[in-house]
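Quick notes on the structure that follows.
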Amino acid sequence: MNFFALSLSLLSITSSALGYQAGMKDGFLNTHNRARGEHGVGGMYWDNNLAAGAQLWANRCQFAHSRGNYGENLAMGHRTASLAVQEWVNERSSYNYNYGDFSAATGHFTQVVWKGSTRLGCGARLCGRQWLYVCRYQSPGNFRGRFQANVFPRRGGAVYRRTNGTETVEYEHTEEEHADADGEWEDETAWVADEE
């Protein structure tokens, strides 16, 4: 076996042991698209080039932003990709839709639901005992003066569909629509992702 083949084999073993795990792509994409549907914007498409760059950045195990021509969210310490993205989405409780501008307390959330961002790629790496998650967005979001045209309040009742040949994602009804007279939930948020 030559040196190049051995290097590739070791890289493959290392990346599978410490990096991206099965199901993470779905966790990243589905959690983003569920939140986007709740806020009235279309789903994102997975971008393998953004994902490769995000993975390379995550492999450094440094909790710091890169300086690229894309949006970028970082999280550390969550057990799953879905929980990392949900932490960003939870910032919506602090977002002021009337003010509509950037805030460090809500910047992850606004990037997740930014209408103009349509492509997503993420990477993950186990760094010591904690996972580092990196998601990149194209086109980037969080531009001053453009928030009210790209970040919308949570809503329900509508169905949002985006198809890219092999994947259809539908969003319908947020939890608020299913509350009964006592304020109890009759049903969880309905969300479907099916292959065509």
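Per my numbering, the sequence shown runs over residues 523 to 718. A virtual CB, placed ideally from N, CA and C, is assigned to each residue, including glycine.
Which listed residue (the options) has its alpha carbon closest to that of residue i
i	options	result
residue 657	562, 612, 578, 563	578
residue 638	549, 644, 563, 654	563
residue 567	613, 640, 573, 619	640
residue 722	646, 623, 649	Nothing can be reported for residue 722, as the shown portion of the chain is limited to 523 through 718.
residue 597	629, 574, 569, 619	629
residue 551	544, 581, 560, 565	565
residue 626	589, 677, 666, 651	666
residue 614	677, 543, 545	677
residue 570	543, 561, 547, 580	547
Beta-bridge pairing of residue i - partner residues as DSSP gives them
i	result
residue 593	659
residue 654	598, 647
residue 641	567, 660
Contact set for residue i: own chain, Cβ-Cβ below 7 Å, skip 5 residues either direction
i	result
residue 572	592, 641, 642, 643, 658, 660
residue 649	583
Chain-order list of residues whose beta-carbon lies under 6 Å from that of residue i (same chain, five-residue window excluded)
i	result
residue 594	587, 658
residue 669	622, 623
residue 580	645, 646, 647, 654, 656
Same chain, Cβ closer than 8 Å to residue i, five either side skipped, listed in chain order
i	result
residue 600	606, 609, 653, 655
residue 489	The structure shown does not extend to residue 489, since the chain spans only 523 to 718, so no value can be given for it.
residue 543	646
Under 8 Å between C-beta atoms of residue i and residue j
i	j	result
residue 558	residue 635	yes
residue 633	residue 612	no
residue 617	residue 631	yes
Distance between beta carbons of residue j and residue i, contact taken as under 8 Å
i	j	result
residue 646	residue 603	6 Å
residue 675	residue 619	5 Å
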